[in-house]
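The structure under discussion appears below in the form of structure tokens.
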Amino acid sequence: MSNISIIGTGNMARTIGARAIAGGNTVQVMGRDQSKAADLAKALGDGATTGEWGTAPAGDIVIMALLYDGVVPAIAQYADALADKVIVDISNPFNSTFDGLAHREETSIAQEAAKAAPAGASVVKAFNTVFRHVLEKGRPDVFIAGDNARAKASVEAFIKSLGLRPLDAGGLTMAHWLEGAGVITVGLANHGVGNLDFSLSITGLPV
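Per the working numbering, the very first residue in the sequence shown carries number 5; after that it's consecutive.
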């Protein structure tokens, strides 16, 4: 199993942390508000711990469970404390009307995170196409993207420990399109599907 550090104390941090604990992983919670981090670790139970914001995370995999505009600044603040870590960006940079991306260029938060990350760290995009409650209660496919094969393999193993299926979309440039897929999920929720009780998945042809 994996050693996970979660930077953030919101709903996605809670959901991923709970599934991680249930999957036999060790979990550390880190937040700007130490009391919120401690409360979340206590709620997760089963040995979940807290760490001080900005110090070296204990986990080999560091999940950035932050709003999109906080990911790159947090990585810059942590700086060398993230050296040699696998950094997982789960964010969706939606625009104000939720029908496009906040950044206009063909980039992604994950790609910008990689630019800010210290030497030896690898960034993987994951979890951004799954609504929180579906991740909590369902068994959605989890699409990932990244340039480092070893980092992706460790994230895939972690996702499998959650009882979920990881699907590799390719290199880190594909994170831009995964963020676009996040926009599609919102469009489907507002129109064709009409609710949030679904996730994007891959269905193979019957043999």
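For every residue, glycine included, the Cβ atom is placed at its ideal position computed from N, Cα and C.
Remember, it's a predicted structure, so these values are computed and weren't measured experimentally.
Quiz item: Under three-state DSSP, which class holds alanine 193?
Solution: The residue given as residue 193 occupies position 189 in the sequence shown. Reduced to three states, the DSSP call for alanine 193 is helix.
Quiz item: How many whole angstroms separate the CB atoms of threonine 13 and glycine 35, which I take to be in contact at a CB cut-off of 8 Å?
Solution: Numbered from its first residue, the sequence shown carries residue 13 at position 9. Numbered from its first residue, the sequence shown carries residue 35 at position 31. Right, the Cβ-Cβ distance comes to about 4 Å (below 8 Å), so this counts as a contact.
Quiz prompt | Nearest candidate by alpha-carbon position, reference isoleucine 10, set Arg169, Ala26, Ala52, Ser39 | solution = Counting from 1 along the sequence shown, the entry for residue 10 is found at position 6. Isoleucine 10 has its Cα closest to that of Ala52, out of Arg169, Ala26, Ala52, Ser39.
Quiz prompt | Selection from Met16, Ile148, Ser6 that minimises the alpha carbon distance to leucine 71 | solution = Taking the first residue of the sequence shown as 1, we reach residue 71 at position 67. Nearest C-alpha to leucine 71: Met16.
Quiz item: Nearest-angstrom Cα distance between histidine 107 and histidine 180?
Solution: As a working mapping, residue 107 is identified with position 103 in the sequence shown. As a working mapping, residue 180 is identified with position 176 in the sequence shown. Roughly 10 Å between the two C-alpha positions.
Quiz item: What does DSSP give as the partner residues of valine 66 in its beta bridges?
Solution: Taking the first residue of the sequence shown as 1, we reach residue 66 at position 62. Ser9, Ile91.
Practice problem: Under the assumption that valine 90 contacts serine 39 (Cβ atoms under 8 Å), give the Cβ distance between them as a whole number of angstroms. | Solution: Position 86 of the sequence shown, counted from the start, is the residue given in the question as residue 90. Position 35 of the sequence shown, counted from the start, is the residue given in the question as residue 39. With 8 Å as the limit, valine 90 and serine 39 do not qualify as a contact, their Cβ atoms being about 28 Å apart.
Quiz item: How would you call arginine 154, buried or exposed, if buried means at least 16 neighbouring beta carbons within 10 angstroms?
Solution: Taking the sequence shown and counting its residues from 1, the one referred to as residue 154 is at position 150. That one is exposed.
Quiz item: Helix, strand or coil: how does DSSP classify aspartate 145 here?
Solution: Position 141 of the sequence shown, counted from the start, is the residue given in the question as residue 145. Three-state result, aspartate 145: strand.
Exercise. Can you give me the Cβ contacts of alanine 42 inside the same chain, cut-off strictly under 7 Å, excluding the 5 residues immediately before and after it?
Key: Residue mapping note: residue 42 aligns to position 38 of the sequence shown, counting from 1. Around alanine 42: Thr54.
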